[in-house]
Amino acid sequence: MIPKYLHRLMVIAALVVLAVTVIGLASKPVTAQDAANRDMRALLERLVGGGADVTVLFDKPLVSGEGVWTLPDRAAGRTISQVGADYLCFSEPWNTGTRERCTPFANLTSVSYLTP
């Protein structure tokens, strides 16, 4: 049988470990994924701002059968409308308005572009 003081000591130790774990998770530092998203965002903002044609390959197509888009797509009227912290949005004509489609960077298999 375990003495009472040893049992209490084990419970206190477990609580301390739990508290340290919770505090460690709450103060999570910037991860490599966050840095990659910032770099992807900066690249896309530079390309879109410079008017470059950008080809995007999707892991899961936003439109069935369309896994690759080159934007701006003048024939479809499709453009990159917004570059977010970890997502990319596309604008296209839809009926009498505009449709926005957004996808996370995680859905982008590759981004290619021409350099002058």
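Position 5 of the sequence shown, counting from 1, maps to 4 under numbering that gives the first Met the number 0, and the rest follow consecutively. All C-beta atoms, glycine included, are put in the ideal place defined by N, C-alpha and C.
Among all the DSSP beta bridges, which residues are the ones paired with residue i?
| i | result |
| --- | --- |
| residue 149 | Examination of residue 149 is not possible in this model, given that the chain is present from 0 through 115 alone. |
| residue 87 | 82, 102 |
| residue 62 | 65 |
Between the beta-carbon of residue i and the beta-carbon of residue j, is there less than 8 angstroms?
| i | j | result |
| --- | --- | --- |
| residue 61 | residue 102 | yes |
| residue 66 | residue 56 | yes |
| residue 108 | residue 58 | yes |
| residue 41 | residue 113 | no |
| residue 116 | residue 70 | Here the chain has residues from 0 to 115 only, and residue 116 is not among them. |
| residue 53 | residue 79 | yes |
| residue 73 | residue 89 | no |
Out of the options, state which residue places its alpha-carbon closest to the alpha-carbon of residue i.
| i | options | result |
| --- | --- | --- |
| residue 81 | 94, 75, 104 | 104 |
For residue i, which residues in the same chain have their Cβ closer than 8 angstroms to its Cβ, ignoring the five residues on either side in sequence?
| i | result |
| --- | --- |
| residue 36 | 84, 85, 104 |
Whose C-beta lies closer than 7 angstroms to the C-beta of residue i among residues of the same chain, with five residues either side of it excluded?
| i | result |
| --- | --- |
| residue 122 | Any property of residue 122 remains undetermined from this structure, which presents the chain solely from 0 to 115. |
| residue 106 | 57, 58, 59 |
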